[in-house]
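To start, the structure itself, in structure tokens.
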Ligand code: DQA
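Numbering (the working numbering), first residue to last: 1 to 148.
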């Protein structure tokens with residue numbers, strides 16, 4: 001069975017009520033439930049993890065090295081623009097990943113235009129809302145099945 005890991009960074013636990021004009025009204029639980037079902041329907045196991053703490057995300061990525069994770073989908077949230085530590089963790093475990101942002105960071109403030117992840121990512125999704133996670137999981141499944 002294929003194994004995917006979806007990681008969510010800080011403040012994404014507030015989705016649904018957090019700046020809904022930017023991030024929409026879908027909650028993180030709804031996003032995760034949809035992804036677990038989407039993957040299960042395709043015979044794939046999908047784990048999710050959210051943290052507001054940089055070190056906890058680093059620890060979870062390191063754990064992925066030995067827990068059978070074959071592909072990571074990550075929305076690093078604000079850590080996108082600041083975290084060398086999470087970047088180094090992803091490079092260190094050498095598991096392919098897709099970077100996801102609910103909003104189109106490129107049409108927002110200049111400080112959101114730089115990412116510490118995009119040059120390592122297999123692909124980047126920005127501005128698709130919650131559907132971006134689904135597209136990323138779909139892409140990961142195609143990659144693992146060697147059809148993309
Ligand atoms: C975000 C964009 C980031 O700039 C921001 O800090 C977030 C969410 C997004 O999903 O659009 O928290 O990653």
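Each residue gets a CB set at the ideal place from its N, CA and C atoms; glycine is no exception. None of these values were measured; they are calculated from a predicted model.
Item to check | Within 8 Å, strictly: CB atoms of residue 9 and residue 57 | outcome: yes
Next on the checklist: Can you determine whether any heavy atom of ligand 1 sits closer than 7 Å to the C-beta of residue 48, and answer yes or no?
Outcome noted: no
Checklist entry - Would you say residue 44 touches ligand 1, meaning its beta carbon is less than 7 Å from a heavy atom? => result no
Checklist entry - Any idea if residue 47 is buried or exposed, counting beta-carbon neighbours within 10 angstroms, 16 or more meaning buried? => result buried
Next on the checklist: Can you look up residue 84 in the DSSP assignment and give me helix, strand or coil?
Outcome noted: helix
Checklist entry - Are the region 78 to 88 and the region 13 to 21 in contact at 8 Å, needing three or more beta carbon pairs? => result no
Next on the checklist: Please list the terminal residues of the continuous alpha helix (DSSP H) segment that includes residue 39.
Outcome noted: 28 to 40
Checklist entry - If you run the structure through DSSP and keep just helix, strand and coil, what is residue 99? => result strand
Checklist entry - Beta carbon of residue 80: closer than 7 Å to some heavy atom of ligand 1? => result yes
Checklist entry - Which of helix, strand or coil does DSSP assign to residue 74? => result strand
Next on the checklist: For a test of the three-state rule: what should DSSP assign to residue 142, helix, strand or coil?
Outcome noted: helix
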